[in-house]
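Let me begin by presenting the structure, written as structure tokens, before commenting on it.
Number of protein chains: 2
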Amino acid sequence: MQTSESLAGKPVVVLLSGGLDSATCLALASNAGARVHALTIDYNQRHRIELQAAKTLADRYAVQRHIILPLDLRSFGGSALTADIDVPKQGVQPGIPITYVPARNTIFLSVALGWAEAVGAADLMIGVNALDYSGYPDCRPEFVAAFEAMANLATKAGVEGSARYAVHTPLLALSKAGIVQLAAREGLDMGLTWSCYDPTPDGLHCGRCDSCRLRQKGFAEAGIADPTGYA
Amino acid sequence: MQTSESLAGKPVVVLLSGGLDSATCLALASNAGARVHALTIDYNQRHRIELQAAKTLADRYAVQRHIILPLDLRSFGGSALTADIDVPKQGVQPGIPITYVPARNTIFLSVALGWAEAVGAADLMIGVNALDYSGYPDCRPEFVAAFEAMANLATKAGVEGSARYAVHTPLLALSKAGIVQLAAREGLDMGLTWSCYDPTPDGLHCGRCDSCRLRQKGFAEAGIADPTGYA
Numbered sequence: 005m006q007t008s009e010s011l012a013g014k015p016v017v018v019l020l021s022g023g024l025d026s027a028t029c030l031a032l033a034s035n036a037g038a039r040v041h042a043l044t045i046d047y048n049q050r051h052r053i054e055l056q057a058a059k060t061l062a063d064r065y066a067v068q069r070h071i072i073l074p075l076d077l078r079s080f081g082g083s084a085l086t087a088d089i090d091v092p093k094q095g096v097q098p099g100i101p102i103t104y105v106p107a108r109n110t111i112f113l114s115v116a117l118g119w120a121e122a123v124g125a126a127d128l129m130i131g132v133n134a135l136d137y138s139g140y141p142d143c144r145p146e147f148v149a150a151f152e153a154m155a156n157l158a159t160k161a162g163v164e165g166s167a168r169y170a171v172h173t174p175l176l177a178l179s180k181a182g183i184v185q186l187a188a189r190e191g192l193d194m195g196l197t198w199s200c201y202d203p204t205p206d207g208l209h210c211g212r213c214d215s216c217r218l219r220q221k222g223f224a225e226a227g228i229a230d231p232t233g234y235a
Numbered sequence: 005m006q007t008s009e010s011l012a013g014k015p016v017v018v019l020l021s022g023g024l025d026s027a028t029c030l031a032l033a034s035n036a037g038a039r040v041h042a043l044t045i046d047y048n049q050r051h052r053i054e055l056q057a058a059k060t061l062a063d064r065y066a067v068q069r070h071i072i073l074p075l076d077l078r079s080f081g082g083s084a085l086t087a088d089i090d091v092p093k094q095g096v097q098p099g100i101p102i103t104y105v106p107a108r109n110t111i112f113l114s115v116a117l118g119w120a121e122a123v124g125a126a127d128l129m130i131g132v133n134a135l136d137y138s139g140y141p142d143c144r145p146e147f148v149a150a151f152e153a154m155a156n157l158a159t160k161a162g163v164e165g166s167a168r169y170a171v172h173t174p175l176l177a178l179s180k181a182g183i184v185q186l187a188a189r190e191g192l193d194m195g196l197t198w199s200c201y202d203p204t205p206d207g208l209h210c211g212r213c214d215s216c217r218l219r220q221k222g223f224a225e226a227g228i229a230d231p232t233g234y235a
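In order, the protein sequence lines correspond to chains A and B. Numbering of the first sequence is given in our numbering, commencing with residue 5 and proceeding in unit increments. Numbering of the second sequence is given in our numbering, commencing with residue 5 and proceeding in unit increments.
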């Protein structure tokens, strides 16, 4: 679902990559008074620096618990983020890009669902957005709806009726500029977030991958100063 | 889907726990001429001895590739298989048992989907069965159908139409006795498989957990000698 009902006092599993979108979700859930369980998947991604950003953000928001779970998707390959394939730098192209990681959000939401059921949470939150996005199929509302339907058939809590799982996607209909504006309203220190797929050796954003381009465009269109260090 | 179309020559990702059911799937896929990609998840389960059974079986069937992927569900707890909760020994009870691992099959199928997409496979196989089973929600046909629907919305291959994902569940409508008979027909050496949730220190099946009881019942009702070493 796109808009969140009140999450005050509820346990919520927030998928936290360390990027701008997931950090905005963290801020939203935390400011709404949710008991945030932050889940970061270490999938052996090329841009491992985002794991440190996730940890810094989880600490900043004093979440109930932060788990960084190793799940090595590099075993499978098939993406510029998990195999020895160059990250494209020529600008955002039409179609689904090579940085798409096969079934990544499906895997991440499934793991989040497992944690949610174990701690008695019925609410998951993920920072997907279908506008101004990178063309990933698992960022679309029809995917999210299908996942929710599946989750309620997959679980003890869903089948017994003690939980009705909801996947909250508060950024779904926002442009990147809209996300930057929302993050600013929520008081997020966006300088703590990490977007770049191909960091420089000295820890700067490359400024040329799709993710950097979308980030820059978002700040520019929002009219908000970009705190990011670009190469 | 319950029955398999011809899988000859096709890449198929088979979830292989090392148990009797998944080993029967492995035998079926291999005997059908599929190019088997066997996926075993090391979820830090109590009965880690099944990982060795999976390796032995994958070797025996000379699969294209066998991945044992660490994914530590013990981080979450919530099950007798992944937390310090005693495995029940009093016999199979009505309802969903404490050995249910939150969202386990959802997580396993999602990871299998990621590998499938990376290698260009459209077929997954999992040894769930909804008769004579342990009462797990993620072993039911409605769950499997919901997962298939989700998978085709989640993936690049599904969205672009280059693959139509199918989850093959050849054991879905079989009793445990029926699975034992099928395994025997397929020539599976069932002595290589592992079922017990609570192995003895010297590597025997305990004979009293639900999984052992179902195994014993299956062999007895099938009228086939049980090669298992019980405590």
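C-beta atoms are modelled at their ideal positions from N, C-alpha and C, and glycine is treated no differently. Note that the coordinates shown come from a computational prediction; the quantities given were computed from them, not determined experimentally.
Closest in alpha carbon position to A:G99, among B:A161, B:A84 and B:A38, is B:A161.
Where A:M154 is concerned, there is no enclosing beta strand (DSSP E), although the alpha helix (DSSP H) around it starts and stops at P145 to A158.
Distance from the CA atom of A:V40 to the CA atom of A:G13, rounded to whole angstroms, is 9 Å.
For A:I89, none of the residues of chain B pass the 7 Å Cβ criterion, the least Cβ distance being about 12 Å. With fewer than 16 other Cβ atoms from the protein chains shown falling within 10 Å of its own Cβ, B:R52 counts as exposed. Taking CB atoms only, A:P98 has no neighbour in chain B less than 8 Å away. Distance from the CA atom of A:A153 to the CA atom of B:A150, rounded to whole angstroms, is 7 Å. Where B:T103 is concerned, there is no enclosing alpha helix (DSSP H), because DSSP gives it neither an H nor an E. For B:D25, no beta strand (DSSP E) segment is defined; the enclosing uninterrupted segment is the alpha helix (DSSP H) at L24 to N35. Straight-line spacing of the CA atoms in B:G191 and B:G207 works out to 24 Å.
Look at the segment 167 to 196 of chain A and you find these whole runs of alpha helix (DSSP H), each 4 residues long or longer: 180 to 189. In this structure, A:K93 lies away from A:C200, with their beta-carbon atoms at least 8 Å apart. With a 10 Å radius around the Cβ and a threshold of 16 neighbouring Cβ atoms, A:R144 comes out buried.
The Cβ atoms of A:G131 and A:T28 sit closer than 8 Å to each other. B:V123 and A:H172 have their alpha carbons spaced roughly 31 Å apart.
Of the candidates A:L196, A:V16, A:A188 and A:G195, A:A188 places its Cα closest to the Cα of A:G227. Taking C-beta separations shorter than 6 Å and ignoring five residues to either side along the sequence, the partners of A:Q185 in its chain run A226, following chain order. Assigned with DSSP and collapsed to three states, B:R64 falls in helix. Among the CB atoms of chain B, one or more fall inside 8 Å of the CB of A:F80.
CA-CA distance, B:G211 to B:L75, rounds to 28 Å. With the criterion set as a beta carbon lying under 8 Å from some beta carbon of chain A, the segment 195 to 223 of chain B has no members that meet it. Residues are counted here when their Cβ sits less than 8 Å from a Cβ of chain A; for the segment 44 to 77 of chain B these are I71, L73, P74, L75, D76 and L77, given in chain order.
With 16 or more other Cβ atoms inside 10 Å of its own Cβ, A:A120 counts as buried.
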